[in-house]
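Mind the numbering: the first sequence is residues 586 to 986 in the numbering used here, read in order. Below you'll find the structure, written out as structure tokens, and then a few comments.
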Amino acid sequence: MVKRQQLIERYPIPWTEEQVAAFRDTLLAWYDQTGRDLPWRQDQDPYKIWVSEIMLQQTQVATVIPYYYRFIEELPDVAALAQADEDTLLGLWQGLGYYSRVKNMKVAAQQIETDFAGEFPQAYQDLLTLKGIGPYTAGAIASIAFNQAEPAMDGNLIRIVSRLFEIEEDVTLTATQHKIRAYLYQLIDPERPGDFNQALMDMGAMVMTPHQDRPDPHPLKDFDQSYQHQTSHLYPVKKAKLKASKHTYLAYVIQNAAGQFLMRRHTDQELLSGLWHFPLVEQDMVMETVSRGELIDPLWRDFGQDLQALGIKNEALKLLHNRNQYQQTDFNHYGQVKHVFSHRIWQCQLVPLILSPAEEMTDSVNWPEDFIWIDASKLDQIPISTLQKKLLQARLPFDPK
DNA sequence: AAAACGGGGCG
DNA sequence: CGCCCAGTTTT
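So this is what it looks like as structure tokens:
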């Protein structure tokens with residue numbers, strides 16, 4: 586945990602004191618006039634703040650309100666929650682989702698009884714020790730219930746600050762969140778920290794929304810760099826996460842009569858280039874049952890040329906057990922391997938084949954350099970990828986070790 | 001620091 | 001149905 590003073594020194598806010606004061610006044614004036622009047626804003630009972638914050642983590646305000654009333658009526662304080670039985674809790678939570686969180690709340694209530702003598706802890710660091718309370722909820726309770734100048738940094742506050750200052754760094758990075766937290770430390774109104782946080786939450790939910798396509802004038806526009814430049818829609822900057830695309834592969838485990846495996850070195854154009862693998866062929870759909878042809882054809886389509894150059898005839902490739910139809914369950918028996926790259930996910934289905942000795946080889950004229958037959962005992966002498974190691978670990982009808 | 005978790009809501 | 005969300009927990 587980086588200390589507050591360290592962060593402020595590392596990231597001084599690029600505003601004058603007058604600007605900061607004007608920002609607070611503008612924000613709180615808007616909140617006093619326009620902010621939402623919500624049930625848990627009636628008083629500063631930390632228990633009620635806590636219950637509402639946990640509920641709001643997962644559901645919209647309108648949905649939470651009836652649940653909130655019911656919960657508080659049934660379990661009005663920490664002591665009641667600490668003693669509540671599981672069925673009561675689940676009943677009160679039914680329909681909200683994330684049921685483990687209400688279980689965490691009961692654990693936290695018991696922590697309050699045992700670790701804090703039943704007195705709701707006030708210090709941010711103490712709040713963090715409670716099950717289910719992380720940085721956001723600890724900040725919300727410390728500021729709203731106990732008037733401490735702690736930011737409640739949720740998605741709303743991150744979005745607003747990133748727009749105000751046009752923060753170009755990826756907000757998913759820890760360093761960027763530190764910078765935003767540092768700015769919030771300097772912005773938060775020490776006189777009304779709870780209202781300050783709730784004002785920003787309301788602003789984020791009602792005005793400076795995520796999909797703010799048309800940058801309307803808004804109450805904070807004079808403080809909003811992204812409004813001045815009409816760039817609000819560009820913030821917050823998030824890592825262009827190439828959503829990992831999913832791909833299915835058949836991994837052919839081909840063994841000859843001598844017990845050697847056929848392996849292929851990936852070319853420069855491929856992923857994992859230079860490393861040796863069982864021949865892999867992408868498959869765009871997985872079928873319930875496949876005929877021999879449906880299983881062998883993809884291999885032949887991609888590598889038939891090479892296999893012929895190796896002296897392998899199509900007919901010499903036999904499915905294990907020599908069956909014509911393969912059920913999906915047969916596949917499961919041979920195992921699958923999942924491999925995750927940063928940008929793609931490969932699901933590999935092992936396909937064990939044997940090369941029929943009787944019609945095994947013809948003479949090879951020009952041996953393709955990218956293919957070898959290799960003894961299982963020598964697999965550790967060639968460079969292979971983690972994926973290939975996983976394939977070797979997968980359940981096979983024969984033991985490659 | 002990154003991944004796992006989690007179940008309702010959404011396209 | 002599969003993906004996404006937004007925080008906490010776990011590794």
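Idealized CB from N, CA, C, for every residue including glycine. In this text the structure is predicted, and so the values were computed from the model without any measurement.
Using the C-alpha atoms, what's the distance from S685 back to P942? Here residue 942 refers to the residue found at position 357 of the first sequence. Here residue 685 refers to the residue found at position 100 of the first sequence. Roughly 58 angstroms separates the two Cα atoms.
Helix, strand or coil for D984, going by three-state DSSP, please let me know. Taking the first residue of the first sequence as position 1, residue 984 is located at position 399. Bear in mind that a pLDDT of 49 at D984, under 50, signals an unreliable position, so the number given afterwards is only what the model happens to contain. D984: coil per DSSP, three-state reduction.
Close-in-space but distant-in-sequence residues of the same chain around N907 (CB under 8 angstroms, 5 per side omitted): The sequence position of residue 907 within the first sequence is 322, counting from 1. Any reading at N907 must be qualified, since the residue scores a pLDDT of 49, below 50, and its modelled position is unreliable; no value is offered.
Residues in the same chain with beta-carbon distance under 8 angstroms from T1000, minus the five sequence neighbours each way, listed in chain order, please. What is shown of the chain runs 586 to 986, which leaves residue 1000 out entirely.
Could you give the distance in angstroms between the alpha-carbon of G789 and the alpha-carbon of Y616? Working through the first sequence from its first residue, we reach residue 789 at position 204. Working through the first sequence from its first residue, we reach residue 616 at position 31. Roughly 12 angstroms between the two C-alpha positions.
Nearest-angstrom Cβ-Cβ length linking L964 and L977, presumed shorter than 8 angstroms: What you label residue 964 is simply residue 379 of the first sequence in a count that begins at 1. What you label residue 977 is simply residue 392 of the first sequence in a count that begins at 1. Contact holds; Cβ gap of about 7 angstroms.
Counting Cβ pairs, one atom from each stretch, are 3 or more of them under 8 angstroms apart for the region 694–702 and the region 673–683? no
Taking the straight line between their C-alpha atoms, what separation do you get for T601 and T761? Residue mapping note: residue 601 aligns to position 16 of the first sequence, counting from 1. Residue mapping note: residue 761 aligns to position 176 of the first sequence, counting from 1. If you take the alpha carbons of T601 and T761, they lie about 22 angstroms apart.
Do you know how far the Cα of Q815 is from the Cα of L892? What you label residue 892 is simply residue 307 of the first sequence in a count that begins at 1. What you label residue 815 is simply residue 230 of the first sequence in a count that begins at 1. Approximately 60 angstroms between the Cα atoms of the pair.
Between R744, L758, L819, Q813, which has its C-alpha nearest M791's C-alpha? The residue you call residue 791 lines up with position 206 of the first sequence. The residue with the shortest Cα to Cα distance from M791 is R744.
Taking the DSSP output, what are the residues bridged to F846? Taking the first residue of the first sequence as position 1, residue 846 is located at position 261. F846 is bridged to Q840, I959.
Distance between D780 and L623 (C-alpha atoms, nearest Å): Residue mapping note: residue 623 aligns to position 38 of the first sequence, counting from 1. Residue mapping note: residue 780 aligns to position 195 of the first sequence, counting from 1. Those two C-alpha atoms are separated by around 13 angstroms.
DSSP state of Q921, grouped into three classes? The residue given as residue 921 occupies position 336 in the first sequence. Three-state result, Q921: strand.
Is the region 720–736 touching the region 767–776 in the sense that three or more CB pairs, one from each, lie closer than 8 angstroms? yes
Tell me whether R748 is buried or exposed, calling it buried when 16 or more other Cβ atoms sit within 10 Å of its Cβ. Here residue 748 refers to the residue found at position 163 when the first sequence is read from its first residue. Burial call: buried.
Using three-state DSSP, classify R589 as helix, strand or coil. Position 4 of the first sequence, counting from 1, holds the residue named residue 589. Note: R589 maps to helix in three-state DSSP.
Rounded to the nearest angstrom, what separates P597 and E751 at their Cα positions? By one-based count along the first sequence, residue 597 stands at place 12. By one-based count along the first sequence, residue 751 stands at place 166. Going from the Cα of P597 to the Cα of E751 covers about 15 angstroms.
Jot down the residue ranges of each uninterrupted alpha helix (DSSP H) in the region 716–787, minimum 4 residues, whole runs only, in chain order. 720–729, 740–749, 759–772
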